[in-house]
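Line by line, the protein sequences are chains A and B. To convert, note that position 167 of the first sequence is 797 in the numbering used here; the numbers rise steadily by one, no gaps. To convert, note that position 96 of the second sequence is 91 in the numbering used here; the numbers rise steadily by one, no gaps. Quick notes on the structure that follows.
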Amino acid sequence: MKFGQTFKEALKTEGFPPDWVESAISYSQLKKCINRLTSELAQVGLDPQTLGSLLKKVEDYNKATENDDVESRPFEYLLNDDDSEEEPIDGNDNAANGTTASNGSSKKKRPFHPKLLFYVDEKTGDLHSAGLDEKTKRKLQMFAVQTGLSDIRVHEESPRESIASTDLPSPPINGHISKRRPGYRTVEVPLTSDSEFFSMLASELSGLERLQEREEKRMHDEIANLGMQVAKLTNPDRRANRKLIAVWRQIFQIYLESDIFFGTTESDHSEHDAAKAAERFQLFSQRIAEAGLVEKFKKPENLKALNTFMHINQEILQSLRFGEINQTAMNKILKKFDKQTALDVKATFPKQIAYPDFSTHLAKQVCRTISTDLICTIPQLDDYSCPMCMDLQWRPVRLRCNHVFCIRCLIVMQTNKQHLCPLCREKTVIDACSDNLDIELAAYLKKWFPDEVKAKQKYNELMAGVDEYGEVYKEKCSVM
Amino acid sequence: MALPKRIIKETERLMNEPVPGISAVPHEDNLRYFDVTIDGPSQSPYEGGLFKLELFLPDDYPMTPPKIRFLTKIYHPNIDRLGRICLDVLKSNWSPALQIRTILLSIQALLGAPNPDDPLANDVAQKWKEDQNAAIETARQWTQEHAKP
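Structure (structure tokens):
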């Protein structure tokens, strides 16, 4: 299937909201634009073969001499005079290009005014290029001569600036200094379809950017709302919520472990594409189902909140996918542009209209909001575990170096004469005493991890008994 | 004796999120004893080799470091004929906050950056200092001979 069709099909069937579909890259229209441009070029004798062979000749020449001399390019296709400080093209040209769309975007973007320039030797009329075959040369010479006569603008880049007629875009001479080549005349080929093509593309990209901003804001609000709701549902001050906290904590823990949108392990630490993210999301849903967590929700509010959470993730997935197919569409259309016109534009496509990172940016932002506004409403065990026993840091002892260990590990360290902090090697273990107990943190842990605190407390007491009476103490306990 | 929670957690993570180029699998009958393999780091004389090690967690782990030894013969200035490794974090610089995972990463790094100035009293370090290129060539040969996967 051709890409145009695949693209259309994907937009239609993958359940994107209508306003998204509207903002998508209009691939087929851009394609028509290219066709018009090709015929425009053909009218002045520049069919893709000619341009292509021109380019290829120069490339071969450069390769052979191992010198990558831009100066020897027979022609130049300037998309936007972005690196020179040229004045933006005046309003007249704008209207001629038939575009105001790119001006309408929130960011200031100059309208496109691509130029196709040839360099012709002033004296001989020879084309500035290396190793062209005679046929092509003649063709272009013919063209150069023709252009002098017909409507094609020829201007000499000399102070005289002879033919500065009204229809010239009259680029300020200064701006061109770097491009000027002594002894050569610049011939500009007038084209309109290319401006149309690039303005259309640019305005669509800024449209996509606006859509992204809108969606991002909407999703942020949605997540913030959900965060508040979950916080309310799991308020730890109500004893009845204890079980609920455990369930939500487990859901979020599985969520974090699933690494849906980004990998966080040594072997996988990159952003995931839509396909991989979808796969991991599937896995996440499966694990939630297997753990039987949904059944533990008695109140419908909790179930509703979980559904919203799942829905938000699906939306991120969808936006990832939407971004991907649009990016592919843009790459394909630029490739097509190059293939059909041989103007070699893809490499020089200016950064201002680079693809706006619709997908990854959105996913990143939204994922961050999920962790700050939602996951954080319920503390995770991993954030409060002792770096030595990897169990809950109960009772918490804060050393002078600010590192926290559980009291049991601290006792073990002190009896083993391990005087340095295991994390920073500062000599802080030895002088820790009851003053180092972190009362505030203890209260917090008791509030959020009541079951874990109870279990760890029991373990600590048991181990203290073992310290005093030896291993037998443990057996005595198990008998009882 | 029941296995401490820490060892269970470490093992789980080693299984679920293995470190690239490193594997550590506990014995079924003794969960404190691990079979370890480390891939020779690329651009080192050990590239292409697969090195087997044994790792044992003593009773007072993590107060004391794990005991680790190379089983595969290896030509390295900081590893002796019995496979014992000279690495500070395995001895004086051990910290209970270090883990199996981090220690194995250190050993992998040691393969990539031999340190002949702190040798484990062996002739290899001497050779390494006298004629580094020849020593590297020997290390490469040993890898071919003894560490083929």
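Just so it is clear, CB atoms sit at the ideal spot from N, CA and C, and this is done for glycine as well.
For this session: May I ask you to report which of helix, strand or coil DSSP gives residue 896 (chain A)?
Result: coil
Exercise. Is the CB of residue 62 (chain B) under 8 Å away from at least one CB in chain A?
Worked result: no
Exercise. What span of residues does the beta strand (DSSP E) with residue 79 (chain B) cover, start to end?
Worked result: Where residue 79 (chain B) is concerned, there is no enclosing beta strand (DSSP E), given that its DSSP letter is neither H nor E.
Exercise. If we call anything under 8 Å between Cβ atoms a contact, is residue 667 (chain A) one with residue 971 (chain A)?
Worked result: yes
Exercise. Hey, out of A:964, A:1101, A:856 and A:1097, whose CA is closest to residue 1005 (chain A)'s CA?
Worked result: A:856
Problem set entry | residue 999 (chain A) and residue 881 (chain A) closer than 8 Å at C-beta | no
Problem set entry | Check whether residue 1021 (chain A) and residue 1086 (chain A) have beta carbons under 8 Å apart | yes
For this session: Compute the Euclidean distance between the alpha carbons of residue 883 (chain A) and residue 653 (chain A), then round it to the nearest angstrom.
Result: 36 Å
Problem set entry | Residue range of the beta strand (DSSP E) that includes residue 6 (chain B) | Segment 0 to 11 is the alpha helix (DSSP H) holding residue 6 (chain B); no beta strand (DSSP E) there.
Exercise. Using 8 Å as the limit for Cβ to Cβ distance, is residue 1042 (chain A) near chain B?
Worked result: yes
Problem set entry | Segment limits, alpha helix (DSSP H) that includes residue 1045 (chain A) | 1037 to 1045
For this session: To the nearest angstrom, report how far apart residue 1041 (chain A) and residue 1065 (chain A) are at their CA atoms.
Result: 14 Å
Exercise. What first and last residue would you give for the beta strand (DSSP E) that runs through residue 30 (chain B)?
Worked result: 28 to 34
For this session: Sort B:67, B:71 and B:98 by Cα distance to residue 129 (chain B) and report the nearest one.
Result: B:71
Exercise. Can you round the beta-carbon distance between residue 973 (chain A) and residue 707 (chain A) to whole angstroms, since I take them to be within the 8 Å contact cut?
Worked result: 5 Å
Problem set entry | Interfacial residues, the segment 1008 to 1022 of chain A to chain B, with Cβ spacing under 8 Å | 1017, 1018, 1019, 1020 and 1021
Exercise. Considering only C-alpha positions, which residue in the set B:102, B:80, B:34 and B:51 is nearest to residue 26 (chain B)?
Worked result: B:51
For this session: Drop a sphere of 10 angstroms on the beta-carbon of residue 73 (chain B), count the other beta-carbons inside from all chains shown, and report buried for 16 or more, exposed for fewer.
Result: buried
Exercise. Any residues in the segment 84 to 96 of chain B with a beta carbon nearer than 7 Å to a beta carbon of chain A? Which ones, in chain order?
Worked result: 90, 91 and 92
Exercise. Chain B partners of residue 1055 (chain A), CB-CB under 9 Å?
Worked result: 88 and 90
For this session: Anything in chain A within Cβ reach of residue 10 (chain B), meaning under 9 Å, just list it in chain order.
Result: Result: empty, since nearest Cβ-Cβ is about 12 Å, beyond 9 Å.
Problem set entry | Inter-residue CB distance, residue 910 (chain A) and residue 942 (chain A) (contact presumed, cutoff 8 Å) | Rounded, the Cβ-Cβ distance is 15 Å, inconsistent with contact.
For this session: Taking residue 666 (chain A) as part of the alpha helix (DSSP H), name the residues at either end of that continuous run.
Result: 657 to 673
Exercise. Are any of the Cβ atoms in chain B nearer than 8 Å to that of residue 1052 (chain A)?
Worked result: yes
Exercise. Would you call the CB atoms of residue 80 (chain B) and residue 46 (chain B) closer than 8 Å?
Worked result: no
Exercise. Is there a Cβ from chain B that is less than 8 Å from the Cβ of residue 679 (chain A)?
Worked result: no
For this session: Along the beta strand (DSSP E) that carries residue 1028 (chain A), what are the first and last residues, could you check?
Result: 1026 to 1028
Exercise. Does DSSP classify residue 910 (chain A) as helix, strand or coil?
Worked result: helix
Problem set entry | Where residue 654 (chain A) sits in the DSSP three-state scheme | coil
Exercise. Which two residues bound the contiguous alpha helix (DSSP H) that contains residue 153 (chain B)?
Worked result: Any property of residue 153 (chain B) remains undetermined from this structure, which presents chain B solely from -4 to 144.
For this session: Report yes if the CB atom of residue 61 (chain B) is closer than 8 Å to the CB atom of residue 91 (chain B), and no otherwise.
Result: no
For this session: Determine, using beta carbons only, whether residue 637 (chain A) and residue 959 (chain A) come nearer to each other than 8 Å.
Result: yes
Exercise. What is the rounded straight-line gap between the Cα of residue 15 (chain B) and the Cα of residue 886 (chain A)?
Worked result: 21 Å
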